[in-house]
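Residue numbers (the working numbering): 50 to 604.
Put into structure tokens, the structure is as follows:
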């Protein structure tokens, strides 16, 4: 995958989606996968999947999970919901998207062995480990499924697998044959790959703070060490005995006690909870609770008389361009950026190819102008130095690389081919469950320089150009924030006050006083939200929300 971690888990999910769509709300598959506590075996599942040499090679070479673990988790969960809990049309579209992702995952591992994500045997392993994780969750919690229940769960699972058109003979024939299949694959095929070791010991020790951490962000360096040690101990205790024995992985007495307490405690608590707390996604397919994006953080006051391009460009390199997190740019980073642009847009193969080609053009332009030592990679120092020199020397420098990619993004997001981006198209391109609606609205307005409620291609390109060329933060483009999810402009942020009113990041005044309030179809969960602008007498409609006569209130 450019995200093998994601596509593997998603592909596994993809199978389940078809069958559950047929089985309905009483599906055992849905009830098991929808529970919050399925997360307790998620890390165990990823270790088993990444121990397959082909999966591990794809993850190590192409995945961005090291630098962007929370984005990978978000994409996996969003994809899983569409696969397991949606109608057949949404399932079909998601399978097509995963097929396009798998098509690009191939190469040679560090032993010279070729691999491809389209290998049917590899895909069957990824899928069967998902089924095995569901049965392991019940066994670890002290309530293993009875033979009749296992048969029902496996029947639903296999019904889903038909959507992938994989050879039936590669799957275990019955639920009773699954344990033998797992043992045989561990014995004959699995290796303790670099990706599997990374999952067990190091990924979380260097993960950035989740955006939803809020006021606990300063404590993240300490919290992630605790979380990492907890997950490592729990995963080692929960892995199949054959896997631990083959690779000499210890299962300490303390880890065994931890596993016993966590799984049985989670089962006891889950049984007492109402459905909207017990399930992340209800068996009916509805979200148990609407996703809540983290509130945007307060923007720093810009310092107008200082050339802050070096720091801004270096931050863009680290947070956006270095997708694999290895401290250097290669073609894999640009493929990952293209993937992240295509992911929410559901493009066809021709549309995706156009985006990938544009980012490849950008990569080769940078390689030709920035690779000072000729090693086929671009360091942060090379990127910053060459970008500053190029933009100072030639106003058209960005036209040959960055602008090609940015224009491709614009055309991919312009689904109605109008030559304009409206608020909905902008939200699809740059939104997500971790981006606050206020950031999207304010970012849209910043790029919409003429205020007509639409973004032209030139306005879109200008925003990115200003980010790299303006010497101060006095123009809209320089306030674009390099989000960890890719090329995501979020200019001039807004944030909620203690009283619950929304304040404007530029004008420092509440912007939602005296606004018409209505139920917005675009608001998560259909909640009532307010919208407005910090100007008197304006009216109109944006993001499906209506505002009238908003007036600023002095602080």
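All C-beta atoms in this analysis are idealised placements derived from N, C-alpha and C, irrespective of residue type, glycine included. Predicted, not measured: the structure shown is a model, and the values here were computed from it.
Remark: fewer than three beta-carbon pairs, one from each stretch, lie closer than 8 Å, so the segment 374-391 and the segment 137-145 are not flagged as touching. Ranked by Cα distance from residue 424, the first of 125, 494, 377, 505 is 377.
With a cutoff of 8 Å on beta-carbon distance, residue 101 and residue 189 are scored as not near each other. Contact between the segment 295-304 and the segment 262-279 is not established, with fewer than three Cβ pairs separated by less than 8 Å. Membership of residue 366 in any beta strand (DSSP E) is not indicated, and neither H nor E is assigned to it by DSSP. Just so you know, the alpha carbons of residue 330 and residue 420 end up roughly 48 Å apart. The alpha helix (DSSP H) runs lying completely inside the segment 218-299 and spanning 4 residues or more are 227-237, 243-250, 269-287, 290-296, given in chain order. Residue environment: residue 130 is assigned as buried (16 or more neighbouring CB atoms within 10 Å of its CB, all protein chains considered). Taken in chain order, the whole alpha helix (DSSP H) runs of length 4 or more contained in the segment 374-448 are 380-391, 398-419, 429-442.
One alpha carbon belongs to residue 493, the other to residue 499, and they sit about 11 Å apart. Rounded to the nearest whole angstrom, the CA to CA distance from residue 157 to residue 496 is 43 Å. Residue 80 places its beta carbon less than 8 Å from that of residue 332. Considering only 284, 472, 431, the residue with the shortest C-alpha distance to residue 90 is 284. Annotated as proximal: residue 95 and residue 248, with beta-carbon spacing under 8 Å. DSSP places residue 211 in the helix class (H, G or I) of the three-state scheme. By the Cβ neighbour-count rule, residue 452 is buried, with 16 or more other Cβ atoms within 10 Å of its own. Between residue 435 and residue 408, the gap from beta carbon to beta carbon reaches 8 Å or more. One thing to note: residue 373 has its Cβ no nearer than 8 Å to the Cβ of residue 125. The three-state reading of DSSP puts residue 109 in helix, counting H, G and I together. Membership of residue 169 in the alpha helix (DSSP H) is indicated by the continuous run 169-189.
Here the alpha carbon of residue 393 sits roughly 12 Å from the alpha carbon of residue 147. Closest in C-alpha terms to residue 456, from the list 480, 431, 405, comes 405. Following the DSSP letters along the chain, one finds residue 114 in no alpha helix (DSSP H), marked with neither H nor E. Comparing C-alpha distances from residue 308 to each of 321, 320, 317, 279 shows the shortest one belongs to 279. Taking the Cα positions, residue 185 is about 41 Å away from residue 366. By the C-beta density criterion, residue 321 is exposed, having fewer than 16 other C-beta atoms within 10 angstroms.
For residue 512, the uninterrupted alpha helix (DSSP H) segment begins and ends at 506-518. Listed in chain order, the non-local C-beta contacts of residue 292 below 6 Å within the same chain comprise 235, local neighbours out to five positions each way being set aside.
With respect to the 8 Å criterion, residue 319 and residue 84 are classified as neighbours on the basis of their beta carbons. Residue 168 places its beta carbon less than 8 Å from that of residue 103.
For residue 196, the secondary structure class from DSSP, reduced to helix, strand or coil, is helix. When the beta-carbon positions are compared, residue 277 and residue 253 come within less than 8 Å of each other. Note on residue 303: under 16 other CB atoms within 10 angstroms of its CB, so exposed under the neighbour-count rule. DSSP places residue 155 in the strand class (E or B) of the three-state scheme. Taking a contact as a CB-CB distance under 8 Å, the pair residue 514 and residue 447 counts as one, their CB atoms being some 6 Å apart. Taking residue 183 as reference, the option from 399, 160, 259, 203 with the minimal CA-CA separation is 203.
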